[in-house]
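Student: Quick note on this note's numbering: the sequence shown kicks off at 3 and runs consecutively.
Idealized CB from N, CA, C, for every residue including glycine.
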Amino acid sequence: MTGGAPFSTPLTQALGCRHPVVQTAMGWVAGAGLVAATTEAGGFGFLAAASIPSGQVDGAIRAVRAATGGPFGVNFHMLQANADEVIEAVLRHRVRAVSYGRGPDAATIRRFREAGILCMPTVGAVKHAVKAVELGADIVTVQGAEGGGHTGAVPTTLLLSQVLDAVKVPVVAAGGFHDGRGLAAALAWGAAGIAMGTRFLLTTESPVHPDALAVYLRAGDPGAIRVTTAVDGLPQRFIETAGLHRLEGMGLPARLAASLRHALAYGRASGLTLPGMLRLAWRSAVTGGAGFAATVMAPNLPRLVERGLQGGDVAGGLLPSGQVAALIGRLESCEALIGRIVAEAAARLDAAQALKGGQA
Ligand SMILES: Cc1cc2nc3c(=O)[nH]c(=O)nc-3n(C[C@H](O)[C@H](O)[C@H](O)COP(=O)(O)O)c2cc1C
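What follows is the structure in structure tokens.
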């Protein structure tokens with residue numbers, strides 16, 4: 003555990019963590035080890051269930067519980083094959099919170115809340131924040147365009163103001179955070195805390211392959227960590243790699259054919275029958291709002307990201323990342339990271355306070 007706890011915010015009070023620092027879910031990254039390390043360090047970790055195979059969700063939650071007595075959450079989305087398994091496991095284990103992007107319906111959200119589980123969706127646009135609160139969100143995480151994974155078009159500084167003005171629930175700022183300056187700024191803005199993905203990917207507890215970590219640590223230019231729709235049809239931010247260039251160089255028919263191959267492999271690995279796969283594709287088409295091409299291309303993503311992050315195939319696979327990777331440059335333990343961030347933020351806010359009335 004880290005030393006002092008200088009901040010008590012609506013986020014720490016609701017989640018029961020010591021510091022207003024959330025480790026967001028990242029497929030193939032935010033497994034039980036990283037979540038437990040974050041939570042032990044006084045932050046709040048989200049387990050990424052989107053990359054947990056069918057039949058293994060219960061075991062993954064148990065593994066976090068075995069490693070920490072602290073609070074943690076589970077992230078999932080409704081387009082993963084085992085979404086129902088995740089929902090039931092979360093309810094059974096009564097984890098502290100769930101997070102989601104393409105999330106469940108109001109009835110499922112009600113079931114979570116009745117079980118005392120906080121609903122904490124991530125949004126990339128103000129209209130999605132308003133909708134999420136209407137559906138029952140307790141806390142909203144806003145992710146600005148500079149963030150990793152699927153991302154919107156509005157930068158954190160603008161989106162945060164928009165959402166703070168539009169909703170009454172606590173708001174957590176995400177997209178581009180990595181240090182105490184960011185936490186101080188977010189709190190001064192009116193946010194209840196910060197959430198970080200890429201910064202936690204670059205910790206000593208991260209399970210990412212060393213060859214992939216080396217690429218993230220060498221990324222020196224935020225402009226080269228860019229958005230593409232070539233992978234699954236939706237805007238998503240990646241480090242520029244040969245794999246990304248190859249995918250972008252393929253015509254749409256070739257990308258669709260690659261996707262079909264990935265879909266068949268995904269179906270086999272998830273134990274899905276052909277009707278099960280068709281049902282999932284249909285659910286994606288009607289609830290994902292992504293259009294036909296995006297639905298058909300969706301299976302490209304998991305296989306290629308797994309290959310990059312877990313397999314360390316930095317040429318053939320993909321490396322999702324926030325632009326902030328270009329500012330990091332070194333691994334740190336979760337404990338050192340969170341401790342440093344809260345200490346820096348407290349010092350920054352003291353310094354800012356001293357500016358009032360010309361005391362500096
Ligand atoms: C490698 C990687 C994988 C991600 N996977 C997921 C995921 O499975 N589910 C999700 O909701 N968000 C995912 N995200 C988005 C993060 O949870 C988070 O919102 C984002 O990284 C925040 O921006 P930052 O990287 O600038 O901190 C991913 C991000 C990265 C970098």
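(1) In this structure, how does DSSP classify ALA349 when only helix, strand and coil are distinguished?
(2) Can you list, in chain order, the residues of its chain whose CB lies under 8 Å from that of THR4, leaving out five sequence neighbours each side?
(3) Between VAL210 and ALA194, how many whole angstroms is the CB-CB distance? I'm expecting something under 8 Å.
(4) Using alpha carbons as the reference points, say which of GLY18, GLY71, LEU329 and TYR102 lies closest to LEU219.
(5) Out of curiosity, what's the CA-to-CA distance linking GLY222 and ARG94?
(6) Indicate whether SER56 and ALA83 have their beta-carbon atoms separated by less than 8 Å.
(7) Under the rule that 16 or more other beta-carbon atoms within 10 Å means buried, what is HIS247, buried or exposed?
(8) In this structure, how does DSSP classify CYS336 when only helix, strand and coil are distinguished?
(9) Within 10 Å of its beta-carbon, does GLY291 have 16 or more other beta-carbons around it, so buried, or fewer, so exposed?
(10) Would you tell me roughly how many angstroms separate the C-alpha atoms of GLY146 and ARG64, rounded to the nearest one?
(11) Does the region 71-87 come close enough to the region 34-54 that 3 or more CB-CB pairs lie under 8 Å?
(12) Thinking VAL316 and ASP213 are a contact (beta carbons under 8 Å), I'd like their distance in whole angstroms, please.
(13) Does ligand 1 have even one heavy atom less than 7 Å from the beta-carbon of MET198?
(14) Any idea what DSSP makes of GLY291, helix, strand or coil?
(15) For the region 14-57, list the beta strand (DSSP E) runs that are entirely contained and at least 3 residues long, ordered along the chain.
(16) Does the distance between the C-beta of VAL316 and the nearest non-hydrogen atom of ligand 1 fall short of 7 Å?
(17) Do GLY154 and ALA127 have their C-beta atoms closer together than 8 Å?
(18) If distances are taken between C-alpha atoms only, which option among ALA134, GLY253, ALA226 and GLY251 comes closest to VAL171?
(19) How close, in whole Å, do the beta carbons of LEU204 and ILE196 come, if the pair is a contact with beta carbons under 8 Å?
(20) Tell me the DSSP bridge mates of GLN238?
(21) Rounded to the nearest angstrom, what separates VAL156 and GLY359 at their Cα positions?
(22) What residue range is occupied by the uninterrupted beta strand (DSSP E) comprising ASN77?
Tutor: Short version:
(1) helix
(2) Confidence is the limiting factor: at THR4 the pLDDT is only 42, short of 50, which leaves the residue's position unreliable, though a coordinate-based value still follows. Contacts found: ARG20, HIS21, ALA43, GLY44, GLU337, ILE340, GLY341 and VAL344.
(3) At roughly 29 Å, the Cβ-Cβ gap does not stay under 8 Å, so VAL210 and ALA194 are not in contact.
(4) LEU329
(5) 44 Å
(6) yes
(7) exposed
(8) helix
(9) Because GLY291 carries a pLDDT of 49, less than 50, the predicted location of this residue cannot be relied on, and the following value inherits that uncertainty. GLY291 should be labelled exposed.
(10) 32 Å
(11) yes
(12) 6 Å
(13) yes
(14) Residue placement at GLY291 is poorly supported in this model, since its pLDDT is 49, which falls under 50; the coordinates still yield a value, given next. GLY291 falls in the coil class under three-state DSSP.
(15) 23-25 and 46-50
(16) no
(17) yes
(18) ALA134
(19) About 16 Å separates the two Cβ atoms, so there is no contact after all.
(20) HIS152 and THR230
(21) 34 Å
(22) 74-77
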